[in-house]
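Numbering (numbering that gives the first Met the number 0), first residue to last: 0 to 317. Please read the structure below before turning to the comments.
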Amino acid sequence: MLRLLLATAALLCAASSASAQYPDRPVRIIVPYSAGGTSDFVARITAQKLSELTGKTFYVENKPGASGRLGYETGTKATPDGYTLVGADTSFAMLPGLYAKLPWTQDTALRTITITAQTPVVIAVHPKTGFKTLRDLIVYAKANPGKLNYGSGGVGSSTHLAGELFKRVAGVDIAHVPYKGAGDAVTGLVSGQVELLITAPPTVISLVRAGNLTALAVTSVQRSAALPDVPSVVEAGLPGFIVSNWFGLMAPKDTPDAIVDYLQKEVATAMAADTIKERLRAQGAEPVASAPQASAQKVSDETKLWTDVVHDAGIKVE
C-alpha cells in the first residue's frame, strides 16, 4: 500500500510539474474543416492571440473530411498532454443524430475547454419574395404549404438542420433544396432558385448590406451588432427559434485539469481584447470564453437538441 501511495504521489507530482511548464512547445489546434470558413476564422484569431499572450506558438491545422468526423476523430486519439486541441463548432453536437455509429463516445472522448464565441443565424430571403418581416414569411408559408423552398449546404448540414428546426417551431411546410455546400446555397438564393436560407451571418452579411438579400431576423434574444437594423426573433415574434452557431476548444478526454483551466483563462483574456471583439463582431459573432463545466453543458444540451431535430425530421445521411 505504501509503495502504491508513493507511486501515485510521484505521478501526480510529475503531472503537476508538466502542467506548470505548459506550454513549452507548439500547440496544434485541429480544425475539422477546410480553411476559410467561420470555424477556421475563429480558431485562427484565437491561436494568434494565445501565441501573443503566452509567447508560445499556437497554430491551426485544417483536417477536413467525412463531415468533420476525420478531424474530431484525430483529436480523440491524440495524446492528452495539451499539445493537440480541437477547434470544435456546432456541427460536433449534430453528428450523433446524423450517424448511428461514431468512432468515439460523444460525452467522454473530448473535454470541452471553453466556448470561445457564438453567432446567431440569419433568416434571409430573396427580395423578389416581397417579404419584409418574418411574420410575412410565416403567414405566406402557412397559407401556401410546400410552395416555398429553402436552401442548405447539403443533407445533414447545419443549414439543413436549422431549416428543419424553423419548420417545427414556426409550424410551416417548406421544401428543402440541398446544395453541395453553403457557398452554392447562397448562390442559389441570390439567383432566385430558392426563396429562403438560414445561415451564419458571415455567409450573407455583405449581400444583405448590398441589398441583394433581405434579412428578416437573427436568431438571438437581442439584435446583432453586425446587422443592427435586423430584428431578433424575439422582436419578430418567434422566441422559440433562438439558436446559435458556437465555436470552442476541446481536448482529448484525459488532458489534465490544470492545463484545461490554464487554457480557458488564457482564452478568456484573449476574447476580452478589443481587437478580438472587433474582428468577431464584424463577422456577427460575440466572444464567450465560458468556463469548462458550463461549456460542456452547452455541448450536451446542443447534442440533445439537434439529435431530436434529426430524428423528428427523419433526416438520413449516406
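No residue lacks a Cβ here, since even glycine has one placed at the ideal position from N, Cα and C.
1) What residues in its chain sit with their C-beta under 6 Å from that of His310, if we drop five residues either side in the sequence?
2) Taking the alpha carbon of Phe246 as the reference point, which residue from Tyr58, Gly152 and Asp88 has its own alpha carbon closest?
3) Considering only the alpha carbon of each residue, which of Ala161, Gln47 and Val26 lies closest to Arg278?
4) Pull up the DSSP beta-bridge partners for Pro119, would you.
5) Touch check for the stretch 195-205 and the stretch 216-232: three-plus C-beta pairs under 8 Å?
6) By the DSSP assignment, the alpha helix (DSSP H) with Gly328 in it spans what residues?
7) Out of Ile112, Glu72, Val233 and Trp103, which one is the CA nearest neighbour of Ala290?
8) Pop quiz: Ala184 and Asn148 are said to be a contact at Cβ under 8 Å. What is the actual Cβ separation, rounded to whole angstroms?
9) Cβ atoms of Pro22 and Gly81: under 8 Å apart, would you say?
10) Which class does Glu285 belong to by DSSP, given the choice of helix, strand or coil?
11) Bridge partners for Ala174 per DSSP, in chain order?
12) Identify every run of the alpha helix (DSSP H) within the stretch 16-62, keeping only runs that are complete inside it and at least 4 residues long; order them along the chain.
13) Excluding the five sequence neighbours on either side, which residues of its own chain have a C-beta within less than 6 Å of the C-beta of Thr306, listed in chain order?
14) I need the DSSP call for Leu109, collapsed to helix, strand or coil.
15) Please classify Val229: is it buried, with 16 or more other beta-carbons within 10 angstroms of its beta-carbon, or exposed?
16) Could you work out which residue in Lys76, Asp172, Lys276 and Val316 is closest to Lys146 when comparing CA atoms only?
17) Would you mind stating whether Val308 and Ile114 have Cβ atoms separated by less than 8 Å?
18) Please find out if some non-hydrogen atom of the ligand SAH comes closer than 7 Å to the beta-carbon of Ala284.
19) Sort Gly180, Gly236, Pro144 and Lys303 by Cα distance to Ser151 and report the nearest one.
20) Please report the straight-line C-alpha distance between Gln296 and Asn61, rounded to a whole angstrom.
21) At what residues does the beta strand (DSSP E) containing Leu196 begin and finish?
22) Please say whether Ile314 and Gly155 have beta carbons closer to each other than 8 Å?
Put simply:
1) The residue given as residue 310 occupies position 311 in the sequence shown. Within the same chain, His310 has no close Cβ partners at all.
2) As a first step, residue 246 must be located in the sequence shown, where it is residue number 247. Of the listed residues, the one whose Cα sits closest to Phe246 is Asp88.
3) Translated into positions along the sequence shown, residue 278 becomes position 279. Measuring from the Cα of Arg278, the nearest candidate turns out to be Gln47.
4) On the sequence shown, position 120 is the one that residue 119 refers to. Beta-bridge pairing links Pro119 to Ser243.
5) yes
6) This structure cannot settle anything about residue 328, because the visible part of the chain is limited to 0 through 317.
7) As a working mapping, residue 290 is identified with position 291 in the sequence shown. Ranking Ile112, Glu72, Val233 and Trp103 by Cα distance to Ala290 puts Ile112 first.
8) Within the sequence shown, residue 184 is the residue found at index 185, counting from 1. Within the sequence shown, residue 148 is the residue found at index 149, counting from 1. That pair is no contact at about 11 Å.
9) Counting from 1 along the sequence shown, the entry for residue 81 is found at position 82. Counting from 1 along the sequence shown, the entry for residue 22 is found at position 23. Yes, Cβ-Cβ distance for Gly81 and Pro22 is below 8 Å.
10) Position 286 of the sequence shown holds residue 285. Here Glu285 sits in strand by DSSP.
11) As a working mapping, residue 174 is identified with position 175 in the sequence shown. DSSP lists Asn148 as partners of Ala174.
12) 37-53
13) Locating residue 306 in the sequence shown gives position 307, counting from the first residue. The answer, listed in chain order, is Pro95 and Gly96.
14) Mapped onto the sequence shown, residue 109 falls at position 110. Three-state DSSP puts Leu109 in a strand.
15) The count along the sequence shown starts at 1 and reaches residue 229 at position 230. Val229 is buried by the Cβ-count criterion.
16) As a position in the sequence shown, residue 146 is number 147, starting the count at 1. Out of Lys76, Asp172, Lys276 and Val316, Asp172 has the C-alpha closest to the C-alpha of Lys146.
17) Indexing the sequence shown from 1 puts residue 308 at position 309. Indexing the sequence shown from 1 puts residue 114 at position 115. Going by C-beta atoms, Val308 is not nearer than 8 Å to Ile114.
18) The ligand SAH is not part of the structure shown, which contains no ligands of any sort.
19) By 1-based counting over the sequence shown, the position of residue 151 is 152. Closest by alpha carbon: Gly180.
20) Mapped onto the sequence shown, residue 296 falls at position 297. Mapped onto the sequence shown, residue 61 falls at position 62. Distance between the alpha carbons of Gln296 and Asn61 is about 26 Å.
21) Residue 196 sits at position 197 when you count from the first residue of the sequence shown. Its beta strand (DSSP E) spans residues Leu195 to Thr198.
22) Along the sequence shown, read from residue 1 onward, the residue named residue 155 stands at position 156. Along the sequence shown, read from residue 1 onward, the residue named residue 314 stands at position 315. Yes, Cβ-Cβ distance for Gly155 and Ile314 is below 8 Å.
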